[in-house]
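Reviewing the structure listed below.
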Amino acid sequence: MSSPVKLYHEEMHRQVGYFATWLPNSAMALGDIGVLEAGRFRRVASLKELGLKIPEVREGAANNMSYSASAKRSAGASAKASSRPLAAKAKISIQFTGQGGFVFEAVGIRHLEIADRLALANNMLQAFKAGRWQKDWVLVEGVYRASSATIIVSEDSSAQIELTAKAKVALDTLPLADPKLGLSVSSQSGKLFHVVAKDKIHPLYSCVRVNEPFLFGKPSVQPVRGLGDEGNIEALSRPGISDLINS
Amino acid sequence: MESTVPALAQRFRIGRGTVLEGEIPGVLFPPLIDYAGRSAKVKCRTLYGRRWTPSRDIGFMIPWSGTTSRNLEPSVSSSPIPSIQTYFSHSYRDVPVNTYFSELFVTAGISLRADQKTDVWCMAKLERYLFEMDGFVSIIPRRIAPDGSITFSPYIAQELTLARRARAPRVLFVDSQVLSEHRSRFPEYAVPFFHEAPDTERARHTDVIEKFRVKLATGGGRPHRKYSERQATVVAGREPRMRDAASHVEAILRSENYNPLVKYAAGRDEAFDDIDGFESLLNSELCVFLLTKELSYSDVFLAMAHAHCVPSVRLRHDPEAKSSDPELSGTVQWKSPDELASQFLKVFRNYQSAFPKPSGKEDLEKLATQSAQGKEWDTSDGPALLAYIDPEMSYINDVVDGVLLEVRTGERSRVQSDNVCRGLYDLVKRRGYYYSFEPFSLSTVGQKVRSPLEIDTANSATCLDLVCLFAALLEAARQRPVVLIIRANRGDHAVAGYWAPDAVTWNSQPTLDDLRGALVRRELVLFETTGAVEKRGEPVAAETKAERRKGRDMLDYSTAKDAAERLFRREPVEIRHFLDVKKLRRR
Chain A
1 MSSPVKLYHE EMHRQVGYFA TWLPNSAMAL GDIGVLEAGR FRRVASLKEL
51 GLKIPEVREG AANNMSYSAS AKRSAGASAK ASSRPLAAKA KISIQFTGQG
101 GFVFEAVGIR HLEIADRLAL ANNMLQAFKA GRWQKDWVLV EGVYRASSAT
151 IIVSEDSSAQ IELTAKAKVA LDTLPLADPK LGLSVSSQSG KLFHVVAKDK
201 IHPLYSCVRV NEPFLFGKPS VQPVRGLGDE GNIEALSRPG ISDLINS
Chain B
1001 MESTVPALAQ RFRIGRGTVL EGEIPGVLFP PLIDYAGRSA KVKCRTLYGR
1051 RWTPSRDIGF MIPWSGTTSR NLEPSVSSSP IPSIQTYFSH SYRDVPVNTY
1101 FSELFVTAGI SLRADQKTDV WCMAKLERYL FEMDGFVSII PRRIAPDGSI
1151 TFSPYIAQEL TLARRARAPR VLFVDSQVLS EHRSRFPEYA VPFFHEAPDT
1201 ERARHTDVIE KFRVKLATGG GRPHRKYSER QATVVAGREP RMRDAASHVE
1251 AILRSENYNP LVKYAAGRDE AFDDIDGFES LLNSELCVFL LTKELSYSDV
1301 FLAMAHAHCV PSVRLRHDPE AKSSDPELSG TVQWKSPDEL ASQFLKVFRN
1351 YQSAFPKPSG KEDLEKLATQ SAQGKEWDTS DGPALLAYID PEMSYINDVV
1401 DGVLLEVRTG ERSRVQSDNV CRGLYDLVKR RGYYYSFEPF SLSTVGQKVR
1451 SPLEIDTANS ATCLDLVCLF AALLEAARQR PVVLIIRANR GDHAVAGYWA
1501 PDAVTWNSQP TLDDLRGALV RRELVLFETT GAVEKRGEPV AAETKAERRK
1551 GRDMLDYSTA KDAAERLFRR EPVEIRHFLD VKKLRRR
């Protein structure tokens, strides 16, 4: 079954190089093990549960992200700029024009990844050899964690949502993910998913799987040479975006 | 139309769109040319109604009343423009500067003839054509030496020396900074040009060229050399080795339908007073001098031929010679009779080749492209490109060893891989190659790909040659090279790159979005390989003119990476071929 939010997956992967978590507020952590189904990551285990050591984690700097596609925004009259006094309740309306159309805004978003992939590859291979790792499992080896995020995704070809801010600020001065806005959904139509100013979510991830040669059904394990572990990294492979969308 | 009067040998230069009005009596009105030397179509009102003048090659007759038209340039309105041919001494890689000057010369009615770039430096050919041309035109651009100083090509300088020795009428344009820093190396009549915008001094250049043209057109040209075609004089010493060498040369000349006359120089009096020998040199189309390591009487004859600029092949026997490639003076060193024969034949064949007449930027670019190089790759067969990536060549390994010694090695990491790639890139940059078209191929499905040695010999490469070179270098340096051939708006282009050591890739061919994602994650690094060679004028791919200018017509490594990423991430781009070199080898 293919993902109903194909555009969202494709665009985010194109922009960021990561898979979009679906549903965006689903629990996700480094070291999670699962399968890809209908555009989602379904957790089945974790490295810890399998008794595998979690290698060192590398963390990036925080910044803000903002992407959208097939989404038309219009501010409510009371939220327009400067010549009129700010109303207590500024509004913004978003009209989606396609399935998977989306608005993605995140503040304080950081990248986290497993730093030592070579050690990771070794661990996974050992687990596979021991019969503890399934062929179709993927491992989450990188995530983006947001302090706060507003993600709205349309699951049908036309949907609409209206957001209202509590704060006395113009809606075009702060990101939609900023908690200071105090945004809430005041109305919606059509099939939509939304998280508004949700904190500590993991809206993006990357994953790897054990590489399996087509002919032999067993994973390839490159011999470990004295000078480098390059062989082991090639024992892993990455699912492509089409693998996710068509899962 | 009637033809009642003889043809005039005059041409008139007029502006485009000029209308010649008036009744025109019967005159063969020759084809008209516009400011750029191209055929101009002009409407003429004649007794037979309004009609267009024809193309250059046809000509036709219209009645002409003698009234002049509007826009006719007074300075050239009535002066005849004879056909003037000059030898064009220039640097192949500087296409924009060459294009600028060649247009000025063509407009002035001076034809430029140039030597097709080959891997053989043949002094005899140059000596011959200096006599067969009316004059000599030299454009000397700058070169940047490894230490960053401004210099110029020794070969172009040698051609100028040749022209001065031949006392050929000449005009010389030199990059202003080169002229300033090397004043004593150039004659006083050298005219400067600003390398970034040579047309800044267009008026002055045009004036100089016009004076040169007038001089050549009014009898100031050098008389053409008189000689017997296919007669060759071979001069050698009497010792057995030289006599044998002379026999080899004589046999080769006869096989090429030349009439060789062998002269053995044995004594000082013979050398200086042998008037028959001297006249034979002057009368021959070509002379061949078989010399020894020490000065001999053959060198005396060579000096005579040299002073008169008689086309001469110089073959010097030296048992310790390290290379048999022609030196700047044209001398070819040889150690054995076999080497003598093969080298002489190579130079002689080059001598016999004619050289073309460039009439525009495309011709100049073709001249700069060495012919008969490269093996052909079927452009529809991506994996077949692997055959052109050879990391086992000793040349490649020597280069890589040198770089790895300089780069800090240690644990495999992204930083280390980038340092290695940067080291290889900077080394290729230091070689001073330039960007050129691929070698000509009649095939409609293939493109010739130069090997690393051919790139080094030709001093030039295309993007495809360079990605194969860099892929071989990276593979030999134990990285994971990739080659990407994409189709963008302006055509197909090749970029190279590598996977980070911890990059996890796909089992199937990645899509464009997969690769873009890998770029964002910094698992894939791409760089614009043509940034490591000189390219003047228009950018090759997504780099900007400003970036090239900043890098003195090249790109530094970081900018090369930015340019490749920019090309790859902008729409619309289509992947034609993606080669993960290491994976392909394992198949």
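Taken in order, these protein sequences are the chains called A and B. Take the first sequence: its letter number 237 is residue 237 in my numbering, and every next letter is one higher. Take the second sequence: its letter number 92 is residue 1092 in my numbering, and every next letter is one higher. Think of the CB as a built atom: it goes at the ideal place given N, C-alpha and C, for glycine as much as any other residue. Predicted, not measured: the structure shown is a model, and the values here were computed from it.
- In its chain, beyond the 5 residues on either side, His1090, Phe1101, Phe1173 have a beta carbon closer than 6 Å to the beta carbon of Ile1139 (chain B).
- Identification of chain A residues near Ser1508 (chain B) by a Cβ-Cβ cut-off of 8 Å yields Gly240, ordered along the chain.
- Contact of Thr1511 (chain B) with chain A is assigned, a C-beta pair being separated by under 8 Å.
- With 16 or more other Cβ atoms from the protein chains shown falling within 10 Å of its own Cβ, Lys1448 (chain B) counts as buried.
- Between Leu176 (chain A) and Glu234 (chain A), the beta carbon gap of about 42 Å keeps them out of contact (Cβ cut-off 8 Å).
- At a Cβ-Cβ threshold of 8 Å, Pro55 (chain A) and Val195 (chain A) do not count as neighbours.
- Closest in alpha carbon position to Leu1405 (chain B), among B:Asn1419, B:Arg1587, B:Glu1270, B:Leu1112, is B:Asn1419.
- Of all residues in the stretch 39-67 of chain A, none is placed with a Cβ closer than 9 Å to any Cβ belonging to chain B.
- Straight through space, the alpha carbons of Ala1471 (chain B) and His1493 (chain B) are spaced by roughly 15 Å.
- Listed along chain A, the residues sitting closer than 7 Å to Asp1514 (chain B) by beta-carbon distance are Gly240, Ile241.
- Annotated as distal: Asp1553 (chain B) and Ile241 (chain A), with beta-carbon spacing of 8 Å or more.
- Selection B:Tyr1129, B:Val1171, B:Phe1193 evaluated against Ser1180 (chain B) yields B:Phe1193 as nearest (Cα-Cα).
- When Cβ-Cβ separations below 8 Å define contact, Val208 (chain A) makes contact with chain B.
- Taking a cut-off of 8 Å for Cβ pairs, the stretch 8-19 of chain A and the stretch 1515-1522 of chain B touch, as three or more such pairs fall below it.
- For chain B, the residues of the stretch 15-37 of chain A that bring a beta carbon within less than 8 Å of one of its beta carbons are Gln15, Val16, Gly17, Tyr18, in chain order.
- Between the stretch 1216-1225 of chain B and the stretch 1118-1132 of chain B there are three or more inter-stretch CB-CB distances shorter than 8 Å, so the stretches are counted as touching.
- In the DSSP assignment, Arg42 (chain A) forms a beta bridge with A:Val35.
- Contact fails between the stretch 1198-1205 of chain B and the stretch 1247-1264 of chain B, because fewer than three Cβ pairs, one in each stretch, are under 8 Å apart.
- Annotated as proximal: Val1533 (chain B) and Ala1461 (chain B), with beta-carbon spacing under 8 Å.
- Counting only the Cα atoms, Lys6 (chain A) lies some 23 Å from Ile33 (chain A).
- Contact between Pro1501 (chain B) and Ser1558 (chain B) does not hold, since the beta-carbon distance rounds to 20 Å and is not under 8 Å.
- Annotated three-state conformation of Ser1149 (chain B) is coil, per DSSP.
- Taking CB atoms only, Glu10 (chain A) has a neighbour in chain B less than 8 Å away.
- Cβ atoms of Phe1105 (chain B) and Ile1209 (chain B) come within 8 Å of each other, at about 6 Å.
- For the C-beta of Ile233 (chain A), the chain B residues within less than 8 Å are, from N- to C-terminus, Pro1501, Asp1502, Ala1503, Val1504.
- Gly1551 (chain B) and Glu1543 (chain B) have their C-alpha atoms roughly 11 Å apart.
- Between Gly1402 (chain B) and chain A, the shortest Cβ-Cβ separation is not below 8 Å.
- The CB of Gly1517 (chain B) comes closer than 8 Å to the CB of His13, Arg14, Val16, Gly17, Tyr18, Ile241 in chain A, given here in chain order.
- If you ignore the 5 residues before and after Ala45 (chain A), its C-beta comes within less than 6 Å of the C-beta of Ile33, all in its own chain and listed in chain order.
- Taking a contact to require three or more Cβ pairs closer than 8 Å, the stretch 132-140 of chain A and the stretch 183-194 of chain A do not qualify as touching.
- Within the DSSP bridge table, the entry for Tyr144 (chain A) names A:His111, A:Leu204 as partners.
- One alpha carbon belongs to Arg42 (chain A), the other to Tyr205 (chain A), and they sit about 13 Å apart.
- Membership of Gly1446 (chain B) in any alpha helix (DSSP H) is not indicated; the residue belongs instead to the beta strand (DSSP E) covering 1446-1449.
- Counting only runs of at least 4 residues, the stretch 1189-1264 of chain B fully encloses the following alpha helix (DSSP H) elements, listed from N- to C-terminal order: 1202-1215, 1240-1255.
- Between Ser148 (chain A) and Val107 (chain A) the beta-carbon gap is near 5 Å, inside 8 Å, which marks them as a contact.
- The beta carbon of Arg1230 (chain B) is closer than 7 Å to those of Asn1257, Tyr1258, Asn1259, Glu1285 in its chain, skipping five residues each way along the sequence.
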